[in-house]
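A short worksheet on the structure shown next.
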DNA sequence: CACCAGGCAAGTA
DNA sequence: TACTTGCATGGT
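Given below as structure tokens:
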């Protein structure tokens with residue numbers, strides 16, 4: 056994957072807050088639509104902890120319209136801000152000092168933050184050695200016969216983490232490369248240059 | 001036109 | 001517990 060795409064150096068975001076916002080906005084959504092929403096938040100001067108807390112939710116929803124599911128995502132952003140405010144006094148530095156396991160639990164307690172979003176925040180915003188699993192990860196591992204179709208998020212995460220060094224830089228690149236590979240080759244390609252041993256076949260991904 | 005994208009929660013039986 | 005449905009824009 057490195058040969059095909061090079062190192063990725065994710066997340067495409069400049070600050071921890073921007074990464075957290077992007078993690079929520081990209082849920083089941085094309086990143087290009089998310090970029091527009093984030094650009095818009097910057098234009099409107101809304102991409103700060105303070106502004107996100109104060110902006111009326113309907114105005115926030117309108118600002119992130121291009122990311123889709125905008126009403127739900129506006130609420131989810133508010134939920135995240137509220138969590139940081141109530142648990143860490145709105146202090147991102149204090150949040151940064153929290154233990155990884157405790158922080159993960161806290162994030163998962165926020166309505167609208169599930170395992171992938173929580174782990175994306177932990178890895179890409181907080182640089183914690185947490186492997187991020189997504190739909191591509193599941194699809195690729197299943198096609199290679201490495202997991203059962205029914206394997207859970209935690210099953211996949213445990214598999215990676217049991218076999219890799221606890222290195223945030225490695226996890227960063229690995230997940231990003233899986234996404235790149237999935238986007239480009241795992242849909243309807245007859246062959247994948249990243250993994251020449253596997254011929255996906257011309258039919259549907261899950262066949 | 002149909003299908004999907006870096007999910008998650010709520011509803012139903 | 002095990003499925004199903006809603007959420008929504010924008011690109012292919």
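Residue numbers (my numbering): 56 to 262.
For every residue, glycine included, the Cβ atom is placed at its ideal position computed from N, Cα and C.
Remember, it's a predicted structure, so these values are computed and weren't measured experimentally.
Contacting residues, own chain, Cβ-Cβ under 7 Å from residue 188 (five flanking each side not counted): 171, 208, 211 and 212
Between the stretch 150-157 and the stretch 101-120, are three or more C-beta pairs nearer than 8 Å? no
Let me make sure I understand the geometry here. Which of 249, 215, 202 and 174 has the alpha-carbon closest to that of residue 75? 174
DSSP state of residue 236, grouped into three classes? helix
Between residue 57 and the rest of its own chain, which residues show a CB-CB distance below 8 Å, the 5 nearest in sequence each way excluded? 228 and 232
Pairs of beta-carbons, one from the stretch 68-88 and one from the stretch 102-117, closer than 8 Å: are there three or more? yes
For residue 58, does the three-state DSSP call read helix, strand or coil? helix
Within its chain, find whatever has a CB closer than 7 Å to the CB of residue 251; leave out the 5 residues flanking it on each side and keep chain order. none
Would you say residue 179 and residue 86 are within 7 Å of each other, going by their C-beta atoms? no
Take the Cβ of residue 92 as the centre, count every other Cβ of all protein chains shown within 10 Å, and call the residue buried at 16 or more, exposed below. buried
Any idea if residue 237 is buried or exposed, counting beta-carbon neighbours within 10 angstroms, 16 or more meaning buried? buried
DSSP-derived helix/strand/coil call for residue 199: coil
Coarse secondary structure for residue 220, derived from DSSP in three states: coil
Under three-state DSSP, which class holds residue 99? coil
What three-state label does DSSP hand residue 251 in the structure shown? coil
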